[in-house]
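Here's the structure we're looking at; comments come further down.
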Amino acid sequence: MKKVWTLLKTDCCNILGLNTLRYSKDSKAKRRSITLMIAYAAVLIMLVAYPLLLANGLRAMNVHDLIPEYFLCITSLIIFFFSFFQAGGYLFQTKNFDMIVSLPLKPGVILFSRFLRLYLGYFGMTVLVMVPSSILYGRWTAKGGSYYAMLFISCILIPLIPMALASLFGSLIHAWTVRLKHRTLFSTVANLLLMVVILGMSWGPSFFANRISLDQVMNFSDTMSQQILRYYPPAALFNSALVNGNAVSYLLFAVLSILLFLLFFAVASWKYMYICQNMQVHEASGNYKFKGLKTNSIGKALYLKELKYYFSCPIYIMNTIVGYLFIIVATVVVLIMGDPSRAMELPFSILDYVPFVMVFLCCMSSTTASSISLEGAHWWLPLSLPVSTRDIMKSKLLVNMTLAVPTIVLCNIALQIRFGFVWYEFLLNMIIPVVCCFYISVLGLVMNCRYPLFEWKSEVVPVKQGGATMLTMLIGSLSLAPFVGVVALCSALLPGLVLFMEVMMTGILGVAGAALFYYLSGMDLKRL
Amino acid sequence: MLSISHLTKTYKGNKAAVDDLSLTIENGDIYGFIGHNGAGKTTTIKCIMGILDYERGEITLDGHSIKKEPIYCKSQIAYIPDNPDIYEHLTGIQYLNFICDIYQVSKEQRDRDIKKFADAFEMTSHLGDLISSYSHGMKQKLALISAFAHEPKLLILDEPFVGLDPKASLLLKETMRELCTKGCSIFFSTHVLEVAEKLCNKIAIIKDGALITAGSTAELTHGKSLEEVFMEVVQ
Numbered sequence: 014m015k016k017v018w019t020l021l022k023t024d025c026c027n028i029l030g031l032n033t034l035r036y037s038k039d040s041k042a043k044r045r046s047i048t049l050m051i052a053y054a055a056v057l058i059m060l061v062a063y064p065l066l067l068a069n070g071l072r073a074m075n076v077h078d079l080i081p082e083y084f085l086c087i088t089s090l091i092i093f094f095f096s097f098f099q100a101g102g103y104l105f106q107t108k109n110f111d112m113i114v115s116l117p118l119k120p121g122v123i124l125f126s127r128f129l130r131l132y133l134g135y136f137g138m139t140v141l142v143m144v145p146s147s148i149l150y151g152r153w154t155a156k157g158g159s160y161y162a163m164l165f166i167s168c169i170l171i172p173l174i175p176m177a178l179a180s181l182f183g184s185l186i187h188a189w190t191v192r193l194k195h196r197t198l199f200s201t202v203a204n205l206l207l208m209v210v211i212l213g214m215s216w217g218p219s220f221f222a223n224r225i226s227l228d229q230v231m232n233f234s235d236t237m238s239q240q241i242l243r244y245y246p247p248a249a250l251f252n253s254a255l256v257n258g259n260a261v262s263y264l265l266f267a268v269l270s271i272l273l274f275l276l277f278f279a280v281a282s283w284k285y286m287y288i289c290q291n292m293q294v295h296e297a298s299g300n301y302k303f304k305g306l307k308t309n310s311i312g313k314a315l316y317l318k319e320l321k322y323y324f325s326c327p328i329y330i331m332n333t334i335v336g337y338l339f340i341i342v343a344t345v346v347v348l349i350m351g352d353p354s355r356a357m358e359l360p361f362s363i364l365d366y367v368p369f370v371m372v373f374l375c376c377m378s379s380t381t382a383s384s385i386s387l388e389g390a391h392w393w394l395p396l397s398l399p400v401s402t403r404d405i406m407k408s409k410l411l412v413n414m415t416l417a418v419p420t421i422v423l424c425n426i427a428l429q430i431r432f433g434f435v436w437y438e439f440l441l442n443m444i445i446p447v448v449c450c451f452y453i454s455v456l457g458l459v460m461n462c463r464y465p466l467f468e469w470k471s472e473v474v475p476v477k478q479g480g481a482t483m484l485t486m487l488i489g490s491l492s493l494a495p496f497v498g499v500v501a502l503c504s505a506l507l508p509g510l511v512l513f514m515e516v517m518m519t520g521i522l523g524v525a526g527a528a529l530f531y532y533l534s535g536m537d538l539k540r541l
Numbered sequence: 002m003l004s005i006s007h008l009t010k011t012y013k014g015n016k017a018a019v020d021d022l023s024l025t026i027e028n029g030d031i032y033g034f035i036g037h038n039g040a041g042k043t044t045t046i047k048c049i050m051g052i053l054d055y056e057r058g059e060i061t062l063d064g065h066s067i068k069k070e071p072i073y074c075k076s077q078i079a080y081i082p083d084n085p086d087i088y089e090h091l092t093g094i095q096y097l098n099f100i101c102d103i104y105q106v107s108k109e110q111r112d113r114d115i116k117k118f119a120d121a122f123e124m125t126s127h128l129g130d131l132i133s134s135y136s137h138g139m140k141q142k143l144a145l146i147s148a149f150a151h152e153p154k155l156l157i158l159d160e161p162f163v164g165l166d167p168k169a170s171l172l173l174k175e176t177m178r179e180l181c182t183k184g185c186s187i188f189f190s191t192h193v194l195e196v197a198e199k200l201c202n203k204i205a206i207i208k209d210g211a212l213i214t215a216g217s218t219a220e221l222t223h224g225k226s227l228e229e230v231f232m233e234v235v236q
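Note that the protein sequences, when read in sequence, are chains S and L. The opening residue of the first sequence carries number 14 in my numbering; numbering runs sequentially from there. The opening residue of the second sequence carries number 2 in my numbering; numbering runs sequentially from there.
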């Protein structure tokens, strides 16, 4: 255990730039660390505030008995997706494999320290999401001491099942693809397929096929909870334990969590060396015959290089394609099932908000927010080559637009064929998300220039844990919120002005994006 | 060709990594840059390449300032760092073509020169493989081919012989001499003093960021070995 602790301490010592703050003599680096900490604190406050608001909402709807299972499901789902994207890249990172393996450590110790590092983060998240809302629930229903004891012990257990399941899937995919010739391709496709299956299950036809009535919409949390319970049975045990004080259910929940974790750990430890060793083996045919070469412009060469990097890195793809996948899956569901607002008997049409749904989903997925950090040890190359900052930034921006624009255009064409919008609505449905996506992409670059992270061992660090990624999502959402707010307000109070406001707000974001890009183009990259 | 005048680079914490360093590299020079670990060699090289900013002094290439005209200057220079971390997601040939695209090398020239240098370094058969499958020495060879392929006026190499096998090392030395007869200049750092002594027509010795001595190899050594001179001046 001492060795696990030593590894964990070494691994965690620069979380949130703590080591930089303690030992760096660079005041700029220290300021960056402090800003990052403030940003993370804002996210932590949001993590507490949203569940509290939701809990109050559920109480107002008189369904507060759902609070424990509802928050358990939300927490587990978030942990599952985060772990799924992180586990493979982080648990089996090979950057310092030779050094770590040469130390007198068992593979299980290395794996356990890495798992523990992920676990601690999710434990913190569980506490923030579960505890405040569950304490409120305990006070509303005058629960006794055993409820609070079970709640606090649960926080230790809750991350285990989603982490173990996600890591197990991730490890199995790694173990299967690691010896294949095109392992990047197979690994990415397998991961994406699994994600689509999970999305399909949770958004699946049952949601629309049941023809939910307005009454059911009023009890939406109940409906949603039942839906999730079907796919996450442990929530039923948890609910029974906390709401009804059922000790047997609680014991079953605890045993199930620990058993699943042990199962994962046994499989992962068994395959750990195999996966890591094979990840270091690269196919080399050594039979190249020299052929004539094609020439490209500087801009195209940089863009192609960026695109090749994107498609060579499963972690980068998996973490940045989610939003676009959501757009495609949602479009397919709507194409098959029809306008969901009719099925739900809503007083407005969800189709009116197509561009904003797309904007929100694009916001989740900017490739640019980590594109500079991902240069890592290669950063000397763009700095020493005769290329302008503008060309470098343009190539990174274009990668995100290459993913966004075809997704937005094709999905809108499909929706247009199915629903026949008025021509200007069709145009706006495409232009608004494209412009917003441009703005978010540039914002991602600005954030990454402000908070670059070149020293990492796994791509997971800049892609998933980088401050720039988090700040882009945070600032992106905050700066797009007024847009959605103004349009929603207009459609309620001044419907005649909606079109004008949409055009104007899109214009403002377009200009803001262009201004930010101009600022970026003049940036001195060696000062990052 | 390259003029470094009163270059001063201070890292955060007020440690002067390079202190008032002045050097001139003429056309056709093979200039060796030697010093102990942490003396400021790599920092000087990175300042020349525009990778690091500096507080005082001026670096010019044929009269063009690296600060004011970085793209022009970089287009005339090829640089290879001590540890060539090159894009591992590309194949060798994709990397070479990428570099040629950036330097806008004509199709004829890249077809001719890449083949010539790849054959010479025995890398041709490996060019279709991903760089991630290369050994350190192979990456070094690829970086050298990419540097030679765009015919730079100035070649800046940081520890170029580290990781190269004896045959590649010999070939590099021959190619360096050949390039210099065509008017190219080479500025390189090294710890291998025997190589510097035999290869360079000029040598500069740096200690704690300051230039201790610089000049032609013959004048500097005065019949002694470079190793003896180095040990005398850095003591």
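Note that beta-carbon positions come from the ideal geometry of N, C-alpha and C, so glycine has one too. For clarity, every value in this text was computed on a predicted model and none was experimentally measured.
Three-pair Cβ contact test at 8 angstroms for the region 514–524 of chain S versus the region 21–31 of chain L: no
8 angstroms Cβ cutoff, L:Lys10 in contact with chain S: By 1-based counting over the second sequence, the position of residue 10 of chain L is 9. Judged by the 8 angstroms Cβ criterion, L:Lys10 is not in contact with chain S.
Residue environment, S:Pro395, which counts as buried when at least 16 other CB atoms sit within 10 Å: Sequence index remark: in the first sequence, residue 395 of chain S carries index 382 (1-based). Result: buried.
C-beta contact flag for L:Lys140 and L:Ser186 at 8 angstroms: In the second sequence, residue 140 of chain L corresponds to position 139, counting from 1. In the second sequence, residue 186 of chain L corresponds to position 185, counting from 1. Against a cut-off of 8 angstroms, the Cβ pair of L:Ser186 and L:Lys140 comes out as no contact.
Assumed close pair S:His187, S:Ser200 - CB separation to whole angstroms, cut-off 8 angstroms: Indexing the first sequence from 1 puts residue 187 of chain S at position 174. Indexing the first sequence from 1 puts residue 200 of chain S at position 187. Going by Cβ atoms, the distance from S:His187 to S:Ser200 rounds to 7 angstroms, so yes, they are a contact pair.
Partners in chain L for S:His195, counting only beta-carbon separations shorter than 9 angstroms: As a first step, residue 195 of chain S is located in the first sequence; it is residue number 182 there, counting from the start. Residues of chain L passing the Cβ test: none, with the nearest at roughly 11 angstroms.
Nonlocal neighbours in the same chain, by C-beta distance under 7 angstroms from S:Tyr263, ignoring five residues either side: For the purposes of this step, residue 263 of chain S is taken as residue 250 along the first sequence, with counting starting at 1. Met163 and Ala254.
L:Tyr80 to L:Ile157 span [Cα, whole Å]: Start at 1 with the first residue of the second sequence, and residue 80 of chain L comes out as number 79. Start at 1 with the first residue of the second sequence, and residue 157 of chain L comes out as number 156. Distance between the alpha carbons of L:Tyr80 and L:Ile157 is about 5 angstroms.
Positions along the region 135–161 of chain S whose CB lies within less than 9 angstroms of some CB in chain L: none
Residue nearest to L:Asn98 in terms of C-alpha spacing, selected from S:Met460, S:Lys313, S:Ile385 and S:Ala382: Numbered from 1 along the second sequence, position 97 holds the residue referred to as residue 98 of chain L. It is S:Lys313.
In chain order, each beta strand (DSSP E) run of at least 3 residues that lies wholly inside the region 469–494 of chain S: none
8 angstroms Cβ shell around L:Lys208 - same chain, five flanking residues per side excluded: By 1-based counting over the second sequence, the position of residue 208 of chain L is 207. Result list for L:Lys208: Gly36, His37, Ala40, Val234 and Val235, in chain order.
Segment contact, 8 angstroms Cβ cut-off, at least three pairs: the region 166–181 of chain S with the region 268–283 of chain S: yes
Start and end residues, beta strand (DSSP E) containing L:Tyr32: The residue given as residue 32 of chain L occupies position 31 in the second sequence. Note, L:Tyr32: beta strand (DSSP E), Ile31 to Ile35.
Nearest-angstrom beta carbon gap, L:Asp83 and L:Val163 [assumed within contact, 8 angstroms]: For the purposes of this step, residue 163 of chain L is identified with residue 162 of the second sequence, where counting begins at 1. For the purposes of this step, residue 83 of chain L is identified with residue 82 of the second sequence, where counting begins at 1. Contact holds; Cβ gap of about 7 angstroms.
8 angstroms Cβ cutoff, L:Ser226 in contact with chain S: The residue labelled residue 226 of chain L in the question sits at position 225 within the second sequence. By this cut-off, L:Ser226 is not an interface position.
Any non-hydrogen atom of the ligand ADP within 7 angstroms of S:Phe277 CB: Of ligands this structure carries none, so the ligand ADP is not represented either.
Counterpart residues of L:Ile78 in DSSP-defined beta bridges: In the second sequence, counting from the first residue as 1, residue 78 of chain L sits at position 77. Per DSSP, L:Leu155.
Coil, strand or helix - S:Ser226 by DSSP: As a working mapping, residue 226 of chain S is identified with position 213 in the first sequence. Because S:Ser226 sits at a pLDDT of 49, beneath the cut-off of 50, its placement in the model cannot be relied upon, and the following sentence gives the value as read from the coordinates. Reduced to three states, the DSSP call for S:Ser226 is coil.
Short CB-CB distance (under 8 angstroms) between L:Asn38 and chain S: Position 37 of the second sequence, counted from the start, is the residue given in the question as residue 38 of chain L. With 8 angstroms as the cut-off, L:Asn38 does not count as an interface residue toward chain S.
Proximity below 8 angstroms, CB of L:Ala211 to CB of L:Asp54: As a working note, residue 211 of chain L is residue 210 in the second sequence. As a working note, residue 54 of chain L is residue 53 in the second sequence. No; because the gap between Cβ atoms is not below 8 angstroms, this pair is not in contact.
Contact set between L:Leu53 and chain S, taken where Cβ atoms lie within less than 8 angstroms: Residue 53 of chain L sits at position 52 when you count from the first residue of the second sequence. Residues of chain S passing the Cβ test: Lys539.
Beta-carbon contacts of L:Glu198 that lie in its chain and below 6 angstroms, excluding the five residues immediately before and after: The residue you call residue 198 of chain L lines up with position 197 of the second sequence. So the list reads Leu227, once near-sequence residues are dropped.
Pick from L:Cys181, L:Val230, L:Ala219 and L:Val196 that is closest to L:Ile206, judged by C-alpha positions: Along the second sequence, one-based indexing puts residue 206 of chain L at 205. Checked all of L:Cys181, L:Val230, L:Ala219 and L:Val196; the closest Cα to L:Ile206 is L:Val230.
Pair within 8 angstroms by beta-carbon distance, S:Pro247 and S:Phe266: For this step, residue 247 of chain S is matched to residue 234 along the first sequence. For this step, residue 266 of chain S is matched to residue 253 along the first sequence. Cβ atoms of S:Pro247 and S:Phe266: closer than 8 angstroms.
Contact list for S:Gly305 against chain L, beta-carbon separation under 8 angstroms: Within the first sequence, numbered from 1, the residue matching residue 305 of chain S stands at position 292. What S:Gly305 touches in chain L: Lys108 and Asp112.
Burial state of L:Ala169 (16 or more Cβ within 10 Å): To locate residue 169 of chain L, count along the second sequence from 1; it is residue 168. With 16 or more other Cβ atoms within 10 Å, it is buried.
For S:Val209, the nearest candidate out of S:Asp352, S:Gly520 and S:Leu338 (CA to CA): The residue you call residue 209 of chain S lines up with position 196 of the first sequence. With distances taken between Cα atoms, S:Val209 lies closest to S:Leu338.
Residue-level contact to chain S via CB, L:Thr125, 8 angstroms cutoff: On the second sequence, residue 125 of chain L is found 124 positions in, with the first residue counted as 1. Interface residue, yes.
S:Lys407 (DSSP reduced to helix, strand or coil): Here residue 407 of chain S is taken as the residue at index 394 of the first sequence, counted from 1. Note: S:Lys407 maps to helix in three-state DSSP.
Residue nearest to L:Glu160 in terms of C-alpha spacing, selected from L:Ala17, L:Lys174, L:Lys75 and L:Arg57: Indexing the second sequence from 1 puts residue 160 of chain L at position 159. Nearest option by C-alpha distance: L:Lys174.
Under 7 angstroms by beta carbon: chain S residues contacting L:Asn28: Counting from 1 along the second sequence, the entry for residue 28 of chain L is found at position 27. Chain S residues near L:Asn28: none, gap ~20 angstroms exceeds 7 angstroms.
L:Lys10 and L:Ser190 closer than 8 angstroms at C-beta: On the second sequence, residue 10 of chain L is found 9 positions in, with the first residue counted as 1. On the second sequence, residue 190 of chain L is found 189 positions in, with the first residue counted as 1. Against a cut-off of 8 angstroms, the Cβ pair of L:Ser190 and L:Lys10 comes out as no contact.
Close Cβ partners of S:Val61 (< 7 angstroms) along its chain, the five nearest in sequence each way excluded: Residue mapping note: residue 61 of chain S aligns to position 48 of the first sequence, counting from 1. Taken in chain order, the residues that qualify are Leu141 and Pro145.
Local Cβ density within 10 Å of L:Glu195, reported as buried at 16 or more and exposed below that: Translated into positions along the second sequence, residue 195 of chain L becomes position 194. It is exposed - the Cβ of L:Glu195 has fewer than 16 other Cβ atoms within 10 Å.
Contact set between the region 437–451 of chain S and chain L, restricted to residues whose Cβ is under 7 angstroms from the partner: none
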